[in-house]
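In this text, residue positions in the sequence shown follow UniProt numbering: the first is 1, and each later residue adds one. Each residue gets a CB set at the ideal place from its N, CA and C atoms; glycine is no exception. All values derive from a computational prediction rather than experimental measurement.
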Amino acid sequence: METTRPLIVAHRGFSGRFDDNSPEAFKAAFELPIHGVECDVRLTRGGQLVVAHDPVSSGDGLMPFSDLLAMFANYPDHHLYVEIKHNRFNTQVQKRTLQELRRHGLDESDRIHIISFSRNAVRYFRKRAPLLDTYFLLRPRTWWLPAAPVGLGPSIVRLNAKPALIGRLGVRTYTWTVNTPRQMLWCAEHGVDILATDLPDLALETLASPREEH
Numbered sequence: 001m002e003t004t005r006p007l008i009v010a011h012r013g014f015s016g017r018f019d020d021n022s023p024e025a026f027k028a029a030f031e032l033p034i035h036g037v038e039c040d041v042r043l044t045r046g047g048q049l050v051v052a053h054d055p056v057s058s059g060d061g062l063m064p065f066s067d068l069l070a071m072f073a074n075y076p077d078h079h080l081y082v083e084i085k086h087n088r089f090n091t092q093v094q095k096r097t098l099q100e101l102r103r104h105g106l107d108e109s110d111r112i113h114i115i116s117f118s119r120n121a122v123r124y125f126r127k128r129a130p131l132l133d134t135y136f137l138l139r140p141r142t143w144w145l146p147a148a149p150v151g152l153g154p155s156i157v158r159l160n161a162k163p164a165l166i167g168r169l170g171v172r173t174y175t176w177t178v179n180t181p182r183q184m185l186w187c188a189e190h191g192v193d194i195l196a197t198d199l200p201d202l203a204l205e206t207l208a209s210p211r212e213e214h
């Protein structure tokens, strides 16, 4: 069976070597010959749009999303996967993220990809920024699949259990978080399009020479 090399995305930057979602993690990831970098965006209680995975009350010590986009501008060969940390009660984080992308001239860029566990967030960008690539991330118990042509984002654990999700509905598959050589090779052997990993250097080494198995 011929294998194909999945596109490698650094999960929260080079988070296996640096603090995740930090300037150091992002810079180190952008310096690697990989496809892209993933980040989390959310609003602080004060309304600042920052790069952070968990809820935060202030932006102290956190990277503003605008700073990440400024850094991204220096790496024209890379892609950015923006995970919207959604508040179910309003759309402010989506609105502010799109405003920031527009301010940087990236709201129609083929290098920007929106990913989220929230159906509402995916729908928001599909409606207001239809040229942006979008992915619906699947929680362990999510069985609803979008009817719109958006990519699917199951975890590697779920994908191992249900490989039929790969290429489902004719869309790309983005899987997370793939941190062992065995998982990486499994993705290559099963035609996964994109893998997110904390260890992009290991992924580069593991997938350097796609193998053929008979």
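Per-residue DSSP class, three states only, for residue i
{"i": "Arg168", "result": "helix"}
{"i": "Phe136", "result": "strand"}
{"i": "Ala203", "result": "helix"}
{"i": "Glu100", "result": "helix"}
{"i": "Ala121", "result": "helix"}
{"i": "Val192", "result": "coil"}
{"i": "Val157", "result": "helix"}
{"i": "Leu185", "result": "helix"}
{"i": "Val93", "result": "helix"}
{"i": "Arg211", "result": "Low local confidence applies: a pLDDT of 45 at Arg211 is under 50, so the model's placement there is unreliable, and no value is given."}
{"i": "Gly16", "result": "coil"}
Close beta carbons around residue i, own chain, < 7 Å, minus the five adjacent residues each side
{"i": "Leu68", "result": "Phe26, Cys39, Val51"}
{"i": "Leu43", "result": "Leu49, Gln92, Val93, Arg96"}
{"i": "Arg139", "result": "Phe117"}
{"i": "Asn21", "result": "Arg12, Gly13, Cys39, Asp40, Val51, Ala52, His53, Met63"}
{"i": "Ser15", "result": "Ala25, Asp198"}
{"i": "Pro149", "result": "Val171"}
{"i": "Cys187", "result": "Pro6, Thr175, Val178, Leu195"}
{"i": "Ala29", "result": "Ala10, Gly13, Phe14, Val37, Pro200"}
Local Cβ density within 10 Å of residue i, reported as buried at 16 or more and exposed below that
{"i": "Ala161", "result": "exposed"}
{"i": "Pro33", "result": "exposed"}
{"i": "Pro154", "result": "buried"}
{"i": "Thr142", "result": "exposed"}
{"i": "residue 227", "result": "Any property of residue 227 remains undetermined from this structure, which presents the chain solely from 1 to 214."}
{"i": "Glu31", "result": "exposed"}
{"i": "Ala121", "result": "buried"}
{"i": "Gln99", "result": "exposed"}
{"i": "Arg211", "result": "The predicted model places Arg211 with a pLDDT of 45, which falls under 50 and marks its position as unreliable; any figure quoted below should be read in that light. Classification of Arg211: exposed, given that the 10 Å Cβ count is below 16."}
{"i": "Ala73", "result": "exposed"}
Other residues of its chain near residue i: CB distance less than 8 Å, five sequence neighbours each side excluded
{"i": "Pro181", "result": "Leu202, Thr206"}
{"i": "His78", "result": "Phe30, Ile34, His35, Gly36, Val37, Phe72, Arg111"}
Sequence-distant residues of the same chain with beta carbon closer than 6 Å to residue i, five excluded per side
{"i": "Thr173", "result": "Leu152, Ile166, Val192, Asp193"}
{"i": "Asp133", "result": "His113"}
{"i": "Leu131", "result": "Glu108"}
{"i": "Arg23", "result": "Arg is not the amino acid found at residue 23; the sequence shown has Pro there. Hits under 6 Å: Met63."}
{"i": "Ile8", "result": "Ile34, His35, Pro200, Ala203"}
{"i": "His104", "result": "Leu69"}
Open item on the list: Tell me whether the region 105-123 and the region 78-86 touch, counting them as touching only if at least three CB pairs, one residue from each stretch, are closer than 8 Å.
Closed with: Two segments are said to touch when three or more pairs of C-beta atoms, one from each, lie closer than 8 Å; by this definition the region 105-123 touches the region 78-86.
Open item on the list: With a threshold of 8 Å, are at least 3 pairs of Cβ atoms found where one atom belongs to the region 161-168 and the other to the region 190-203?
Closed with: yes
Task: In chain order, each alpha helix (DSSP H) run of at least 4 residues that lies wholly inside the region 19-74 - done: If we require 4 residues or more, the alpha helix (DSSP H) runs fully inside the region 19-74 come out as 23-30, 65-72.
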